[in-house]
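Only one structure is covered here, and it is reproduced in the block below.
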Amino acid sequence: MKISYDPEIDALYIRLLDGKHECRSVRLSDEVALNIGAGEKLVGIEILDATSVLGTGRTPAVTLEGLEAAGSPLLVQDKPAKKYKA
């Protein structure tokens, strides 16, 4: 999973599957869309106007819980945001 945030356009993208996928978008609202790939797998979630949608009023924060119990190794990387291309 990869979570990207672009503060210039206030967009958050949660990528659930690695690699490139041909997707269709399902709009849940003007701000939120699901990207659905082959086999109806959820590839990603796009959130526009993220600070308003998430209600934070600032850069969104992420809290990870329960990963140790799932036996999942966790790698956290803090990288500068890439420019988001629409």
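The numbering used here numbers the first residue of the sequence shown as 837 and each following residue consecutively. Heads up, the beta-carbon is just placed ideally off N, CA and C, and yes, glycines get one too. Just so it is clear, the structure is predicted and the values come from calculations on it, not from any experiment.
> Apart from the five residues on each side of it in sequence, which residues of its chain come closer than 7 Å, Cβ to Cβ, to residue 885?
Replying inline: Numbered from 1 along the sequence shown, position 49 holds the residue referred to as residue 885. Answer for residue 885: 846, 867, listed in chain order.
>> Given a cut-off of 8 Å on the beta-carbon distance, is the pair residue 848 and residue 873 in contact?
In response: On the sequence shown, residue 848 is found 12 positions in, with the first residue counted as 1. On the sequence shown, residue 873 is found 37 positions in, with the first residue counted as 1. No; because the gap between Cβ atoms is not below 8 Å, this pair is not in contact.
> In terms of alpha-carbon separation, which member of 888, 902, 837 lies closest to residue 843?
Replying inline: By 1-based counting over the sequence shown, the position of residue 843 is 7. If we check each option's Cα against that of residue 843, 888 comes out closest.
> In terms of alpha-carbon separation, which member of 898, 871, 882 lies closest to residue 857?
Replying inline: Translated into positions along the sequence shown, residue 857 becomes position 21. It is 871 whose Cα lies nearest to the Cα of residue 857.
> Where do the N-terminal and C-terminal ends of the alpha helix (DSSP H) with residue 889 fall, by residue?
Replying inline: Here the question's residue 889 lines up with position 53 in the sequence shown. Here the alpha helix (DSSP H) through residue 889 covers 886-889.
> Comparing alpha-carbon positions, which option in 840, 859, 898, 850 lies nearest residue 875?
Replying inline: Looking up residue 875 in the sequence shown gives position 39. Closest by alpha carbon: 859.
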